[in-house]
Each structure stands twice: as C-alpha cells, then as structure tokens.
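Novice: This is the structure I have questions about; it appears just below.
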Amino acid sequence: MIRPYLTILTFLCCFSFYAQEYFPKNDGVVATNTNYTAFTNAKIYVTPTQVIENGTLLIKDGKVVATGTSVSIPKNTKIINVSGKSIYPSFIDIYSDFGIKAPERDSGSGRSAQYEPSRSGYYWNDHVMPENKAIDRFSYDSKKASEYIKAGFGTLNAHIQDGIVRGSGMLVALDSEGTNANRILDDYSAQYFSFSKSVTSRQSYPSSIMGSMALLRQLYIDADWYAKGNSKTKDLSLEALNKNKSLIQIFAAGSRANLLRADKVGDEYDVQYVILGGGDEYERVNEVKNTNASLIIPINFPDAYDVENPFLASGLSLSDMRAWNQKPTNPKVLAENNIKFALTTHSLKSPKEFKPNLLKAIEHGLSEEKALESLTTIPAQLLGKQNTIGSLKNGTYANFLITSGNIFDKKTTLYENWVLGQQNVIEDMTIKDIRGDYEFRLAGEDYKMSLKGELSKLKSEITSGDNTLGSKVSYSDNWVTISMTTKDSTKQEFVRIIANVDSDNNLRGTTTMPTGNEMSFFAKSLKKEDDTKSDDKKKSKDSTEKVFPVTFPNNAYGFTELPKAETLLFKNATVWTNEADGILENTDVLIKNGKIAKIGQNLSDNSAKVIDATGKHLTAGVIDEHSHIAAASINEGGQNSSAEVSIEDVVEPGDISIYRNLAGGVTSIQILHGSANPIGGRSAIIKLKWGESADNLIYDNSPKFIKFALGENVKQSNWSSYSRFPQTRMGVEQLYIDYFSRAKEYDALKKSGKPYRKDIELEVLAEILNKERFISCHSYVQSEINMLMKVAEKFNFNINTFTHILEGYKLADKMKEHGVGGSTFSDWWAYKYEVNDAIPYNAAIMHNQGVTVAINSDDGEMSRRLNQEAAKSVKYGGVSEEEAWKFVTLNPAKLLHIDDRVGSIKVGKDADVVLWTDHPLSIYAKAEKTIIEGVTYFDLKRDEMMRSKIQNEKSELINLMLQAKNKGLKTQPIKKKEKEFLHCDSMDNEHHEH
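Residue numbers (my numbering): 1 to 994.
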C-alpha cells in the first residue's frame with residue numbers, strides 16, 4: 001500500500017511546491033500541503049564522511065528538515081519504512097549540455113576563409129561569446145532527464161558547449177514533474193571557456209591552440225582596458241566577460257597538456273580555472289598538482305583493442321596500449337595526490353555507461369568515500385552551492401537516492417531518486433531481490449538456474465548436466481514467470497513455470513510441462529554467503545591484474561625515473577672542439593655538474609664514471625636551427641600576422657621525434673612557427689631532455705626569436721584564397737612596412753608615459769625594432785631576400801637568419817654586408833617552383849663569402865641525420881671537415897645566440913656532447929651516447945635493451961586484452977596511425993589534445 005499513498009502525497013505536494021504563491025488559480029481551489037515525509041530505519045549518508053546507521057530522514061516542501069537517529073516526527077507525517085536500505089545524496093554533474101540544443105554549424109562555404117567578424121557591437125572575434133546565456137536556450141528534456149535520474153543524478157550544471165568563451169551556465173534540478181520556476185536552481189552559475197572555436201562562425205582566427213591562448217590573453221587585457229573606461233566604443237562581449245568574473249570559471253581543456261596550458265593563461269591574469277581534464281592526468285600528476293586547480297574528470301575509459309589479428313596488433317603503439325591499462329587508475333592517482341576533482345558523464349555516449357566505468361575506477365583503487373565526494377560535496381563546493389545541494393544536511397534540497405545497499409556495489413539496486421522532494425521510481429523497492437543461483441528438480445531431472453541483471457530486466461541461465469537450455473524470465477510483483485526448452489534438442493518443446501517468492505527467497509509455484517500436465521514447482525535459493533565469497537574471490541582476482549608503471553614520457557623508450565646528471569670522464573677520445581684547438585687526438589674530457597670541467601690528457605676524478613672512448617669521436621651536440629618536431633601547433637594561419645602566438649605554449653615533450661633526434665646526436669633545436677603568414681609566431685629554443693616537462697625543455701633566459709616568411713606560402717599561391725592580404729610579393733613588402741610603422745607608433749606611445757591599450761602583437765614587433773628579438777625568415781627568391789633586408793634597414797634593425805635561403809649564393813655578399821646568417825638545406829632543390837634555381841653548392845658559396853652558415857632539417861626525419869647532411873658540404877664546395885661539422889653545431893648556436901653555452905667543447909660550456917662510434921661525418925657513425933648537461937638521454941646499449949623490454953610489455957598487454965575479450969568485455973578495432981611530421985606549411989588541428 002506504500003505506492004498509492006506516495007502517489008497521493010506527491011500529487012498534494014504539487015499544489016504548494018509548484019504553484020507560485022502570486023499566480024492566480026483557475027482550475028480548482030487553492031490548497032496548501034503542510035505534510036512531512038519521513039524515511040525511517042535507513043543507513044543515511046548525510047555526507048560521504050557522516051553516516052547514520054538506522055536513521056531517519058525527514059523532508060518537507062522539497063527540502064531536508066532533519067536527519068538522525070532520534071528525529072522528532074510531526075503528526076502530519078507520511079512514514080516510509082526503508083529498513084535495510086541506504087540513502088545517499090543524489091549525484092551532481094558540473095559539466096553538461098543538458099537541455100541545450102547543440103549549435104548548428106555555419107552553412108557558409110567558399111574558396112576563401114572568413115577573416116572578419118560577422119557581428120557588430122561585440123568583440124572582434126566571433127568565437128568569444130561571454131554574452132551567451134544557457135538559460136536563454138534551455139528547454140527541459142524529460143527523456144534525457146530520465147537517463148540521468150536512472151544513473152543517480154539529481155542536479156546538472158549545463159552550458160552552451162561551443163566557442164572559446166562560451167558564456168554563463170545554469171544549474172538545473174532534474175524534476176520532470178515541476179516547471180522551470182522551481183527546477184532552475186541558478187540561471188547564472190559559471191562562466192565557460194575552451195580552446196575550440198565556435199561551429200557557428202567561419203572566422204578563421206584562431207586556427208591553432210597557440211592562437212586560442214593568444215586570443216584569451218589579449219581578451220583579458222582588453223577587458224581590463226574596457227573596465228577602466230578607456231574604450232571609445234561599446235563592446236557587449238567585454239561587458240559580459242567583466243560581469244561574469246565573479247562566477248566560477250570553468251575551462252574545457254580535454255587533456256593533461258591542454259590543462260597545463262589553460263592554467264598557464266589563467267595564472268598570467270589571476271584567474272584560477274576549474275578545469276575539465278582528459279583522464280590522462282596521472283601521466284604527469286605532479287605538474288597537474290602544481291596548478292592548484294580543481295578538476296572535472298571524465299571516466300570514459302578506452303576499451304581493449306581487438307588484438308586477435310597479430311598483423312594488426314603489431315601496429316599498435318605502446319602508448320595507446322598503456323592508455324587502456326592505466327587510465328582507470330587516474331581518479332585514484334588524483335585522490336592520492338590530494339587533487340580536488342569532480343567526476344562527470346561528459347564524453348560518455350549515455351549516462352548509463354557511468355556506473356560501470358565508476359566501478360572500474362574503484363576496482364583500480366579509487367576509494368568509495370572519494371568517489372562519493374567527487375559526485376556530491378565537491379561539485380557542490382565548486383559551484384558555491386554546498387548549503388543547498390550535495391549533502392543531506394538540514395536545509396538542503398531533498399535530492400537523494402534510495403538503494404538496496406552500498407551504491408558502489410555492482411549488485412546494488414537503485415530503487416528511487418528523489419529530486420526536490422519528488423519521487424522518481426526506478427525499481428520497485430517492495431519487490432524482493434531474487435537475483436542469484438537456484439537449484440530445482442523436474443520430472444526426475446536436476447537443474448541449476450542463475451538469475452542476473454536488473455530486476456526489471458532479468459536474464460536467466462538454466463543448465464542440466466552439461467546442457468545449457470534456452471530460457472526467458474520475467475519478474476513483477478514478486479511473481480516470476482519462466483519458459484525454458486526441454487533437454488531434447490530435436491523437439492521445439494517448452495516448459496512453463498510460474499512461481500511466487502517466499503520469505504527465504506525460494507521460488508514456489510506451478511510447472512506446466514509440454515504435454516499440458518501440471519506439477520508443483522520448488523526452486524531452492526542458494527545461500528547469499530556463497531555469492532559473497534565468489535564476489536570476494538573475483539574482486540581479489542581482478543585487483544591483482546597488472547597495471548604497468550608510468551614512464552617519462554609515458555610511451556616507448558620513456559624512463560621509469562628521470563635520469564640525473566653524472567660526473568663523466570671520457571678517456572682517449574678524438575675530440576672535435578670547434579675551437580682554436582681544432583681536433584684533439586687521444587684526449588680526455590671531464591664533465592661535472594652539467595658543465596665541461598676539463599679537457600686534456602691523463603685526467604682523473606675519483607667521483608667520475610669512466611668511459612673508454614678509444615677509437616671514438618666526441619663532439620658538441622648537433623643543433624637544428626629549423627625544426628617542427630615536439631610541438632602541438634606549428635601554424636597560426638588565421639591572420640596575416642600572428643606575432644602574438646608562441647611555440648613555447650605548445651611544446652610537446654612526449655613527441656617520439658625527440659628520442660629519435662637524440663639517437664642522431666641532436667641536443668638542441670629551434671622549433672619555428674610555420675610559413676602560413678608573412679609575420680609568424682615566436683619560436684621555442686629547446687634542449688631535447690627526453691622525459692622532462694615542456695617548461696624544462698625550454699632554454700633558461702632563452703634568446704627571443706620570431707618567424708617571418710616570404711614567397712608562395714604567405715601569398716597563398718596554392719591555397720585558392722583571395723580574401724586575405726597580401727596576394728602578391730609586392731603586397732608582402734607593404735605589409736611589413738605597415739606593421740613596423742604601426743609598431744613604431746605604438747612603441748613611442750608606450751614610452752611616452754601616456755595611457756595605451758596593450759597589444760601583444762605590437763609588443764612583439766616593437767621588440768624587433770628595439771633589437772630585443774631576432775627574425776628567422778623563411779626565404780627562397782633573391783628579390784624578396786633583398787627586399788626584406790632593405791625593409792629592416794629602413795627601420796634600423798637587422799634580419800638575424802634567412803632560413804632555407806636556397807638562392808643565397810646569388811646575394812651572399814649582400815648578406816655578409818647586412819650581417820645576416822644563412823640556414824639552408826644541403827642539397828634539396830626543384831621540389832616547388834620557387835626552388836628551381838637552388839644548387840647544392842649554396843652552403844659553401846655563402847660560407848666562403850663570410851656568412852655564418854648552418855644546415856637545417858625542417859623535417860622530423862632528416863633531422864636524425866644532420867651529421868650526414870653536413871658532410872655533403874665537403875662534397876659540394878670542398879668545405880673542410882671541421883668547418884662542415886660547425887654547420888650543424890657551432891654555427892647554428894651562433895645564429896641562435898646560444899654559442900656562449902653550447903656548440904663547442906670548451907671548459908665552462910654546457911656538457912651537451914655526443915660520443916660517436918665513428919667519424920661523425922661518416923654514414924657509418926652512430927651516436928653511442930647523447931648527453932645534455934651531464935645527463936645521458938640516449939645510450940645505444942639502453943636502446944637495445946629497451947627494444948626487448950618494449951616487446952615484452954606489448955606482449956603482456958596483448959594477452960591482457962585477449963583475456964578481456966574472452967570475458968565478454970567490449971573491444972575496439974585497431975585503426976592505423978601514422979606519425980605526422982609537421983612542416984612549414986602544415987596547418988594545425990585546433991582540437992589537438994597534446
């Protein structure tokens with residue numbers, strides 16, 4: 001009789017709870033419900049740490065009145081006995097788009113990109129929309145709400161998931177019987193950000209992660225300028241952004257790398273984001289912890305790969321295989337490191353997938369207390385709503401779950417989810433739980449039966465001896481109906497059973513045989529203790545499944561512990577000093593404290609590890625002046641100038657190309673912006689410290705560089721675009737003059753002491769005018785090279801380096817006079833029209849004219865063999881071996897203004913050295929050891945050992961995946977992935993997660 005009373009009670013509540021007191025009533029008399037509802041004899045989780053045994057929960061008007069073991073129950077109270085049941089606060093998802101229609105992609109098209117905004121009165125970039133409000137686009141979705149309710153959720157924080165600045169969100173209770181008047185708990189709950197552009201606009205900028213970061217930086221600067229009343233025009237976007245500053249700021253990063261990037265931007269402008277992660281935070285948990293950010297963590301753990309086909313399995317990367325094995329540990333690792341996080345259903349196909357993945361996280365070490373916190377008290381605290389949701393404290397909304405037991409037990413049934421005091425029945429809690437194993441006897445034969453699944457969707461398995469019989473089961477109101485096939489598989493005959501559940505969970509009823517004869521039926525329930533032991537045994541077995549350790553970086557050839565600097569003594573090496581001493585035979589080199597300490601013969605040091613270098617060559621590390629490896633973005637091509645962006649923002653320390661370059665003796669590189677525009681972005685000069693964080697790769701006090709470009713790429717000759725200036729080589733010159741003229745005016749205003757609006761792009765260009773930043777310019781054609789030198793001289797600065805410079809031989813004398821270096825290819829030519837005049841003698845001719853010459857790669861593959869590229873200058877032009885070797889060591893160091901630290905073997909310089917097995921210019925030479933600041937980052941013997949170790953680990957992971965498939969778990973197909981090498985003209989994917 002409980003359910004009819006509850007229905008009446010719910011109906012009466014509607015009169016008072018949903019009818020706003022000042023609304024007229026025309027469909028009946030005004031009635032006010034003053035009744036209470038009490039849930040007695042329950043185990044109540046007031047909070048994850050405050051648990052009441054055999055307690056009472058008292059609610060009224062959609063809120064908690066009291067909880068405890070001795071609650072005073074008023075006379076006008078409906079009492080519901082939930083003995084043996086548990087009550088939990090309903091879950092909260094802080095990151096959702098519930099009730100918000102997905103924005104429609106702009107239908108416009110054309111051969112040219114859109115560069116201008118499509119709005120007026122708002123910020124200049126369409127992808128910045130802080131004025132958007134989720135409440136304006138909200139429509140309650142009862143069907144979707146039902147899915148969330150069945151998954152245990154009572155409150156969702158929703159927003160428009162579109163754009164870089166997305167506007168304000170809203171907090172909604174999943175009360176499908178109510179109206180927006182009561183279910184909307186907050187129509188202005190948080191402000192949302194991301195790195196991804198809006199689908200509603202075709203405006204091209206930004207087209208990269210670094211562009212998104214630069215846009216956010218300029219936005220914060222402009223918002224501050226606007227707030228101080230300095231703007232002459234109205235900007236509704238900046239007004240909204242400033243208004244929303246008081247809200248919680250939530251950033252959709254989507255990966256650990258982007259999490260760190262988002263936090264970096266926030267720190268620069270005193271904004272502490274709550275950040276949506278990607279589930280890979282465990283890989284660099286210390287870095288994540290250092291952000292001090294609270295996180296929102298998805299639990300969309302990857303399925304095992306289908307590895308039955310050995311050929312396909314051989315193409316799987318170790319990092320992808322590890323992700324399947326390691327990602328379920330992410331919540332545990334975050335909890336162990338005291339990082340505050342809330343869990344979310346985001347990126348799951350359906351809310352019903354949430355509980356299985358949550359249980360997997362718990363199986364992998366997440367405590368049940370932390371799991372409950374991440375779904376209740378923590379999201380409530382992050383939203384500043386801890387006094388109204390997330391617990392069952394007095395005065396909070398009556399959002400709670402009634403379960404058959406521990407909510408984190410796979411077999412626990414969620415009976416009801418009450419939201420704002422309104423009942424949502426998921427499973428009838430008056431019905432007995434008949435899941436388990438049974439045995440019965442029919443017509444002299446013994447049978448065993450197992451009932452599994454949800455009570456409303458039970459599945460049966462019936463066996464007799466070695467035979468498994470086809471069967472179906474249905475269950476309602478404590479009556480079970482079973483149909484099963486007979487043991488004679490040659491006949492289509494069925495046995496029908498209908499039985500009631502007795503007090504001991506046995507099944508008693510009637511069997512109808514295929515002949516129509518009826519007989520009594522009795523199925524004995526096997527003791528629950530047996531199930532418990534079986535579950536404990538299974539859980540114990542599951543908990544011992546191997547989780548492979550994280551390495552640095554967390555892919556093939558990573559270190560289990562970061563290597564440390566050593567005191568090293570190389571004995572009897574042939575030392576290429578790149579200094580006045582030239583090449584020294586049978587010479588010792590001592591490395592200590594990350595520096596070159598001594599050079600000579602018969603050196604000794606008791607603390608040193610001695611390396612016999614007899615017959616081997618020791619050189620300075622190779623330096624690549626022009627590289628595009630180890631970066632998540634290369635081009636920001638959304639505008640004709642992108643001086644505001646920086647490659648330092650998108651360094652990717654886990655790129656396997658770093659390790660491969662170390663294997664080729666490379667120790668330092670300049671990661672250049674691409675050549676999508678005449679004025680590109682700022683460079684990153686890094687050391688290839690494999691396993692270190694992105695910040696630790698970047699040179700301390702790094703010289704400031706920027707990429708410029710000339711030629712086909714910047715005028716978009718091959719991109720079929722006609723809407724962006726410049727479209728000709730003449731236009732490129734005028735663009736430079738325009739930007740430097742503006743930068744000159746900007747710098748003068750800044751130095752005058754008068755108020756000025758800070759512009760990151762013009763700040764960078766002013767650094768060039770002030771000779772604080774150096775230009776490395778992509779170039780091919782003689783006329784354009786001449787042009788840019790003249791523009792620079794007009795504004796009283798010098799170009800630092802012409803890179804590519806394949807027509808440098810035509811004007812080497814002018815380059816020498818201007819003071820510019822040349823970083824070229826050894827023998828590339830005729831791969832596009834503007835390269836037709838290239839010759840392999842280019843490097844030698846420039847060198848002979850006194851130009852500082854380097855050989856670069858501009859290619860992630862060729863950079864591994866720069867020693868061989870340097871050797872080509874001996875063949876083409878007769879450059880001496882010593883000078884040719886400087887083309888890839890000392891000379892690029894000079895061009896990058898780091899030759900005081902690296903590029904030669906000299907006492908006091910950084911110990912960035914390579915031990916070669918043979919003459920370094922030989923095609924037979926291998927880098928035996930590559931050392932940076934005294935740390936051995938590549939060792940040929942370790943490499944050989946790692947190859948075997950990687951193969952063993954992959955074999956173990958394949959076996960685990962095969963076991964997972966045999967258990968019936970989902971698998972995913974293997975998709976071929978090829979390493980993408982970025983070049984000058986590579987356009988970026990703004991959704992890149994690395």
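Glycine residues also receive a C-beta, built at the ideal position from the N, C-alpha and C atoms. Predicted, not measured: the structure shown is a model, and the values here were computed from it.
Just to confirm my understanding: we take residue 198, look at its own chain, exclude 5 residues before and 5 after, and list those with CB closer than 8 Å. What are they?
Specialist: Against the sequence shown, residue 198 aligns to sequence position 198. Answer for residue 198: 103, 126, 127, 129, 162, 163, 164, listed in chain order.
Novice: Which residues does DSSP list as the beta-bridge partners of residue 184?
Specialist: For the purposes of this step, residue 184 is identified with residue 184 of the sequence shown, where counting begins at 1. According to DSSP, which records beta bridges pairwise, residue 184 is partnered with 172.
Novice: Does DSSP put residue 506 in a helix, in a strand, or in coil?
Specialist: Taking the sequence shown and counting its residues from 1, one reaches residue 506 at position 506. It is coil, neither helix nor strand.
Novice: Residue 839 and residue 829 look like a contact to me (Cβ under 8 Å); what is the Cβ gap, rounded to whole Å?
Specialist: Your numbering for residue 839 matches position 839 in the sequence shown. Your numbering for residue 829 matches position 829 in the sequence shown. Going by Cβ atoms, the distance from residue 839 to residue 829 rounds to 7 Å, so yes, they are a contact pair.
Novice: At what residue ranges does the stretch 738 to 825 contain a whole run of the alpha helix (DSSP H), taking only runs of 4 or more?
Specialist: Qualifying alpha helix (DSSP H) stretches, in chain order: 760 to 769, 782 to 794, 812 to 818.
Novice: Excluding the five sequence neighbours on either side, which residues of its own chain have a C-beta within less than 8 Å of the C-beta of residue 140, listed in chain order?
Specialist: Taking the first residue of the sequence shown as 1, we reach residue 140 at position 140. So the qualifying residues of the chain are 99, 172, 176, 180, 183.
Novice: Flag this pair as yes or no: are the beta carbons of residue 377 and residue 153 separated by less than 9 Å?
Specialist: Your numbering for residue 377 matches position 377 in the sequence shown. Your numbering for residue 153 matches position 153 in the sequence shown. No, these two residues do not count as a Cβ contact at 9 Å.
Novice: Below 8 Å on the Cβ atoms is my contact criterion, and I expect residue 250 with residue 95 to pass it. Report the Cβ-Cβ distance as a whole number of Å.
Specialist: Reading the sequence shown from its first residue, position 250 is the one you call residue 250. Reading the sequence shown from its first residue, position 95 is the one you call residue 95. At roughly 7 Å, the Cβ-Cβ gap stays under 8 Å, so residue 250 and residue 95 are in contact.
Novice: What would DSSP say about residue 241, mapped onto helix, strand or coil?
Specialist: Taking the sequence shown and counting its residues from 1, the one referred to as residue 241 is at position 241. The answer is helix: DSSP assigns residue 241 an H, G or I state.
Novice: Any heavy atom of the ligand HEM closer than 8 Å to the beta-carbon of residue 681?
Specialist: For the ligand HEM, the structure offers nothing, since it holds no ligand at all.
Novice: I think residue 673 touches residue 647, with their Cβ atoms under 8 Å apart; what is that distance to the nearest whole Å?
Specialist: In the sequence shown, residue 673 corresponds to position 673, counting from 1. In the sequence shown, residue 647 corresponds to position 647, counting from 1. So it is a contact: roughly 6 Å between Cβ atoms.
Novice: Have a look at residue 757 and residue 229 and give me their C-alpha separation to the nearest angstrom.
Specialist: Translated into the one-based positions of the sequence shown, residue 757 becomes position 757. Translated into the one-based positions of the sequence shown, residue 229 becomes position 229. Going from the Cα of residue 757 to the Cα of residue 229 covers about 12 Å.
Novice: Within the chosen definition, does the stretch 314 to 321 reach the stretch 356 to 372 through at least 3 CB pairs nearer than 8 Å?
Specialist: Contact between the stretch 314 to 321 and the stretch 356 to 372 is absent, because fewer than three Cβ pairs lie under 8 Å.
Novice: Between the Cα of residue 55 and the Cα atoms of 65, 43, 64, which residue gives the shortest distance?
Specialist: Walking along the sequence shown from the start, residue 55 turns up at place 55. Here the closest residue by C-alpha is 43.
Novice: Per DSSP, what kind of secondary structure is residue 874 in: helix, strand or coil?
Specialist: Here residue 874 is taken as the residue at index 874 of the sequence shown, counted from 1. Of the three classes helix, strand and coil, the one that applies to residue 874 here is helix, per DSSP.
Novice: Measuring alpha carbon to alpha carbon, tell me which of 394, 205, 359 ends up nearest residue 63.
Specialist: As a first step, residue 63 must be located in the sequence shown, where it is residue number 63. Closest option to residue 63, Cα to Cα, is 394.
Novice: Pick from 218, 148, 435, 426: whose alpha carbon is nearest that of residue 354?
Specialist: Taking the sequence shown and counting its residues from 1, one reaches residue 354 at position 354. Among 218, 148, 435, 426, the Cα nearest to that of residue 354 belongs to 148.
Novice: Rounded to whole angstroms, what is the Cα-Cα separation between residue 504 and residue 518?
Specialist: Counting from one through the sequence shown, the residue named residue 504 turns up at place 504. Counting from one through the sequence shown, the residue named residue 518 turns up at place 518. If you take the alpha carbons of residue 504 and residue 518, they lie about 24 Å apart.
Novice: Excluding the 5 residues preceding and the 5 following residue 69 in the sequence, name in chain order all residues of the same chain whose CB lies nearer than 8 Å to its CB.
Specialist: Numbered from 1 along the sequence shown, position 69 holds the residue referred to as residue 69. So the list reads 52, 53, 54, 55, 56, once near-sequence residues are dropped.
Novice: Could you give the distance in angstroms between the alpha-carbon of residue 223 and the alpha-carbon of residue 962?
Specialist: Looking up residue 223 in the sequence shown gives position 223. Looking up residue 962 in the sequence shown gives position 962. Spanning the two alpha carbons is a distance of roughly 55 Å.
Novice: Note down the Cα distance separating residue 221 from residue 158, rounded to an integer number of angstroms.
Specialist: Residue 221 sits at position 221 when you count from the first residue of the sequence shown. Residue 158 sits at position 158 when you count from the first residue of the sequence shown. About 28 Å.
Novice: Alpha carbon to alpha carbon, what distance is there between residue 467 and residue 490?
Specialist: Against the sequence shown, residue 490 aligns to sequence position 490. Against the sequence shown, residue 467 aligns to sequence position 467. Approximately 13 Å between the Cα atoms of the pair.
Novice: Counting Cβ pairs closer than 8 Å, one from the stretch 670 to 684 and one from the stretch 937 to 944, do we hit at least three?
Specialist: Verdict: no, contact absent.
Novice: Candidates 239, 277, 78: which alpha carbon is nearest residue 996's?
Specialist: In the structure as shown, the chain begins at 1 and stops at 994. Residue 996 is therefore absent and cannot be evaluated.
Novice: In angstroms with no decimal places, state the Cα-to-Cα distance between residue 869 and residue 888.
Specialist: One-based indexing of the sequence shown puts residue 869 at position 869. One-based indexing of the sequence shown puts residue 888 at position 888. Their backbone Cα atoms lie some 9 Å apart in a straight line.
Novice: Given this structure, state the Cα-to-Cα distance separating residue 263 from residue 275, to the nearest angstrom.
Specialist: To locate residue 263, count along the sequence shown from 1; it is residue 263. To locate residue 275, count along the sequence shown from 1; it is residue 275. Those two C-alpha atoms are separated by around 8 Å.
Novice: Whole beta strand (DSSP E) runs in the stretch 446 to 521 with 3 or more residues, listed along the chain?
Specialist: For the stretch 446 to 521, whole beta strand (DSSP E) runs of length 3 or above, ordered along the chain, are 459 to 464, 467 to 469, 471 to 476, 479 to 485, 494 to 501, 507 to 512.
Novice: Can you tell me which of 343, 659, 632, 929 puts its alpha carbon nearest to the alpha carbon of residue 554?
Specialist: As a working note, residue 554 is residue 554 in the sequence shown. The residue with the shortest Cα to Cα distance from residue 554 is 659.
Novice: Quick check: the Cα distance between residue 843 and residue 950, rounded to an integer number of angstroms?
Specialist: Position 843 of the sequence shown, counting from 1, holds the residue named residue 843. Position 950 of the sequence shown, counting from 1, holds the residue named residue 950. Cα-Cα distance, rounded: 41 Å.
Novice: Answer yes if the stretch 745 to 762 comes into contact with the stretch 610 to 628, meaning at least three C-beta pairs across the two stretches below 8 Å, and no otherwise.
Specialist: The stretch 610 to 628, when compared against the stretch 745 to 762, does not touch it at the 8 Å Cβ threshold.
Novice: Three-state secondary structure (DSSP) at residue 345?
Specialist: Stepping through the sequence shown from its first residue, residue 345 is reached at position 345. In this structure, residue 345 counts as coil in the three-state DSSP scheme.
Novice: In chain order, which alpha helix (DSSP H) runs of at least 4 residues are fully inside the stretch 344 to 403?
Specialist: Listed in chain order, the complete alpha helix (DSSP H) runs (minimum 4 residues) inside the stretch 344 to 403 are 354 to 363, 368 to 375, 377 to 382.
Novice: Looking only at DSSP bridge pairs, what is residue 135 linked to?
Specialist: Here residue 135 corresponds to residue number 135 of the sequence shown, with the count starting at 1. Answer is none; residue 135 lacks a bridge partner.
Novice: In this structure, what does DSSP give as the bridge partners for residue 194?
Specialist: Residue 194 sits at position 194 when you count from the first residue of the sequence shown. Answer is 252.
Novice: Taking DSSP's pairing of strands, which residues face residue 910 in a bridge?
Specialist: As a position in the sequence shown, residue 910 is number 910, starting the count at 1. Answer is 595, bridged to residue 910.
Novice: To which residues does DSSP link residue 550 through a beta bridge?
Specialist: In the sequence shown, residue 550 corresponds to position 550, counting from 1. Residue 550 is not bridged to any residue.
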